[in-house]
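Here is the structure we will look at.
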Amino acid sequence: MIKAILVFNNSAKPRLIKFFEHYPEEIQQQIVRETYQLVSKRDENVCNFLEGGSLIGANDYRLIYRHYATLYFIFCVDSSESELGILDLIQVFVETLDKCFEVKFFLYFLSNPPIYI
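Sequence positions in the sequence shown follow this note's numbering and run 657 to 773.
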């Protein structure tokens, strides 16, 4: 099950945040902060899957992400999800956003306030 979708820029500014379960705002901010710290430290040549530990309170919590240009697209999922399936979903998600926003897609996410869905 997908727990959250997070999009950050390289400066740690959230650009899109969607949690699929209710968490208090303080917990959401902690999850966002810790997720960025985990993902941004990784090299470009390492695996795009990592264990999220107990960020959301479950031991089987995983982060699956892709880094495009200056944006990190991160899906927070549990162990029932396929890592490769989620990577494909991220690709489709980015392509869909790109078509919806046309050429302005990355510029929109870089220059506007975050979107909370």
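Backbone N, C-alpha and C define an ideal beta-carbon position, used for all residues, glycine too. These numbers were taken from a predicted model, which means no experiment stands behind them.
Taking DSSP as the reference, what is the three-state secondary structure of E682?
As a first step, residue 682 is located in the sequence shown; it is residue number 26 there, counting from the start. In the structure shown, E682 sits in a helix (DSSP, three-state: H, G or I).
Tell me whether the beta-carbon of I661 lies closer than 9 Å to the beta-carbon of K674.
Reading the sequence shown from its first residue, position 5 is the one you call residue 661. Reading the sequence shown from its first residue, position 18 is the one you call residue 674. In this structure, K674 lies closer than 9 Å to I661 by Cβ.
Please state whether the Cβ-Cβ distance between V748 and I658 is less than 9 Å.
Working through the sequence shown from its first residue, we reach residue 748 at position 92. Working through the sequence shown from its first residue, we reach residue 658 at position 2. Taking 9 Å as the Cβ cut-off, V748 and I658 do not qualify as a contacting pair.
Might you give, ordered along the chain, the residues of its own chain that have their beta carbon closer than 6 Å to the beta carbon of S735, omitting 5 neighbours on each side?
Within the sequence shown, numbered from 1, the residue matching residue 735 stands at position 79. D716.
In chain order, each beta strand (DSSP E) run of at least 3 residues that lies wholly inside the region 692 to 737
705 to 709, 717 to 724, 727 to 733
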